[in-house]
Amino acid sequence: MAHTADKPVVGVDLGGTKVLAGVVDREYKVLATAKRPTKGETGVDAVVERIAKTVRDAVREAGMDFSDIAGVCSAAPGALNPEDGIVRLAPNIEGWEDIPFAKLLSDQLSGTPVFIENDANLGALGELTLGAAQGVKNMVGIFVGTGIGGGIVLDGKIWRGSHMTAGEIGHVVVLAEGPVCGCGNRGCLESVASRTAIERDIRLGLRTGRESMVPELLKQAGRERMTSGILAQAYEARDPLVYEVITRAQHYLGIFIGSTINYIDPDMIVVGGGVAEALGEAYVEPVRAVAYQYAMNRKDARNVKIVLAKLEDHAALLGAAVYARQRLARRS
Ligand SMILES: [Zn+2]
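The numbering of the sequence shown is the working numbering, which starts it at 4 and goes up by one.
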């Protein structure tokens, strides 16, 4: 294990609620994982410490010593600069503004090289390298969960834009004067098609007296939040309220994808994230139908493949491992 290129790397998926770290070998096999809650309210230093601990847990779980690791890459939700390692703004983690995240984490990990990249960009890179979009030149990855993230790949490379913030597809407006979004604007894709938007609309329906199996499913699961799994159960059972709300969410996502076909003309659109994974192909099919309707060139629209992501929970983690290897190769 002398050569850096042969050593495993650690990929980290940092989200608003949990930190997931995985030791990934040369063949992109995940050898071991560890996770912890993010606890953003404890402050930046405490969160970085928790990430470092989670990384060390995963390495120990893999039966390795930390000196066996070539480098670490962490995904982070929000606007960041992968070159200087600074997170400009991660709205889902309290207080994360202008944080030298790569340096802070490296300091906690005995100076090991640490790289950072946006989580949706890494999800797209993971799908491109190891998942549904292998060998594809131009593609857009769309990840539907609590929010909606995106990664754009042009000519085989992540398109970061001129200010490192490209791919924020959750904040493309698809319904002018629509619901208020977390970003303060109205009618963003995220405000009409994310799991959060779906939950809001189901609750609205329940308040106006609509019948649904959701309250019973929540009770059975002992949960308050409508997880993607609970939504999938109700959708599959054709619960009328849930089916109606999700169909509307799919419609807006379809409109967005149709527009994306019109202005990017990719080879493929990959749809992933908690909601898409839980509902599976039944989620993608109606989205696909709407998207092709909104494509300007309807005759050839189906040349653009719209497929379900393959890497599921490990998309960002594996993308992080791919990116760590790319960056390490650049240094040697
Ligand atoms: Zn927005």
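Backbone N, C-alpha and C define an ideal beta-carbon position, used for all residues, glycine too.
task: Provide the residue(s) that pair with residue 89 in DSSP beta bridges, ordered along the chain.
output: Mapped onto the sequence shown, residue 89 falls at position 86. DSSP, once it has assigned bridges, lists 84 as partnering residue 89.
task: Quick one: residues in its chain with C-beta nearer than 8 Å to the C-beta of residue 292, no 5 flanking neighbours on either side, listed in chain order?
output: For this step, residue 292 is matched to residue 289 along the sequence shown. Closer than 8 Å at Cβ, skipping near neighbours: 257.
message: Quick check: the stretch 276 to 288 against the stretch 103 to 113, are at least 3 beta-carbon pairs closer than 8 Å?
response: no
message: Using 8 Å as the threshold, is the C-beta distance between residue 41 and residue 22 below it?
response: Position 38 of the sequence shown, counted from the start, is the residue given in the question as residue 41. Position 19 of the sequence shown, counted from the start, is the residue given in the question as residue 22. Yes, the Cβ-Cβ distance between residue 41 and residue 22 is below 8 Å.
message: Going by beta-carbon coordinates alone, are residue 106 and residue 88 separated by less than 8 Å?
response: Translated into positions along the sequence shown, residue 106 becomes position 103. Translated into positions along the sequence shown, residue 88 becomes position 85. For residue 106 and residue 88, yes; Cβs fall inside 8 Å.
message: Taking the straight line between their C-alpha atoms, what separation do you get for residue 4 and residue 270?
response: Residue numbering aside, residue 4 sits at position 1 when the sequence shown is read from its first letter. Residue numbering aside, residue 270 sits at position 267 when the sequence shown is read from its first letter. Any reading at residue 4 must be qualified, since the residue scores a pLDDT of 46, below 50, and its modelled position is unreliable; no value is offered.
task: Going by CA-CA distance only, name the one from 30, 334 and 323 that's closest to residue 76.
output: Taking the first residue of the sequence shown as 1, we reach residue 76 at position 73. Of 30, 334 and 323, the residue nearest in Cα terms is 323.
- request: Could you tell me whether the Cβ atoms of residue 273 and residue 312 are closer together than 8 Å?
  value: As a first step, residue 273 must be located in the sequence shown, where it is residue number 270. As a first step, residue 312 must be located in the sequence shown, where it is residue number 309. Closer than 8 Å, so yes.
field: Simplified DSSP assignment, three categories, for residue 151
entry: To locate residue 151, count along the sequence shown from 1; it is residue 148. DSSP places residue 151 in strand when its eight states are reduced to three.
task: Helix, strand or coil for residue 197, going by three-state DSSP, please let me know.
output: Translated into positions along the sequence shown, residue 197 becomes position 194. The answer is coil: DSSP assigns residue 197 none of H, G, I, E or B.
- request: Could you tell me if the beta carbon of residue 166 falls within a distance shorter than 7 Å of some heavy atom in ligand 1?
  value: Residue mapping note: residue 166 aligns to position 163 of the sequence shown, counting from 1. Because no heavy atom of ligand 1 lies under 7 Å away, the Cβ of residue 166 does not count as near it: no.
task: Output the residue ranges of the beta strand (DSSP E) runs that lie fully inside the stretch 210 to 291 and measure 3 residues or longer, sorted by chain position.
output: 271 to 275
Burial state of residue 57 (16 or more Cβ within 10 Å): Within the sequence shown, the letter at position 54 stands for residue 57. Result: buried.
Inter-residue Cα distance where the pair is residue 214 and residue 250: As a first step, residue 214 must be located in the sequence shown, where it is residue number 211. As a first step, residue 250 must be located in the sequence shown, where it is residue number 247. Distance between the alpha carbons of residue 214 and residue 250: 17 Å.
query: Would a C-beta distance cut-off of 8 Å place residue 144 and residue 275 closer than the cut-off?
result: Here the question's residue 144 lines up with position 141 in the sequence shown. Here the question's residue 275 lines up with position 272 in the sequence shown. Contact flag set, yes.
query: From which residue to which residue does the beta strand (DSSP E) around residue 22 run?
result: Numbered from 1 along the sequence shown, position 19 holds the residue referred to as residue 22. Note, residue 22: beta strand (DSSP E), 21 to 27.
task: Go ahead and label residue 198 buried or exposed: buried means 16 or more other beta carbons lie within 10 angstroms of its beta carbon, across all protein chains shown.
output: Numbered from its first residue, the sequence shown carries residue 198 at position 195. That one is buried.
query: Got a sec: does ligand 1 put a non-hydrogen atom nearer than 7 Å to the Cβ of residue 197?
result: Locating residue 197 in the sequence shown gives position 194, where the first residue counts as 1. Outside the cutoff, so no.
field: residue 131 versus residue 227 - alpha carbon distance
entry: For this step, residue 131 is matched to residue 128 along the sequence shown. For this step, residue 227 is matched to residue 224 along the sequence shown. Each residue's alpha carbon lies about 35 Å from the other.
task: Consult DSSP for residue 98 and reduce its assignment to one of helix, strand or coil.
output: Stepping through the sequence shown from its first residue, residue 98 is reached at position 95. Correct three-state label for residue 98: coil.
- prompt: Using DSSP with H/G/I as helix, E/B as strand and the rest coil, what is residue 4?
  reply: Here residue 4 refers to the residue found at position 1 of the sequence shown. The predicted position of residue 4 is uncertain, since its pLDDT is 46 and thus under 50; a value taken from the coordinates is nonetheless stated next. Looking at residue 4 - three-state DSSP - the assignment turns out to be coil, as it is neither helix nor strand.
task: Determine the direct distance from the alpha carbon of residue 158 to that of residue 28, and round the result to whole angstroms.
output: What you label residue 28 is simply residue 25 of the sequence shown in a count that begins at 1. What you label residue 158 is simply residue 155 of the sequence shown in a count that begins at 1. Using only the alpha carbons, I get a separation of about 26 Å.
- prompt: Counting by C-beta, which residues lie closer than 7 Å to a heavy atom of ligand 1, in chain order?
  reply: 173, 174, 184, 185, 186, 188, 191, 193 and 194
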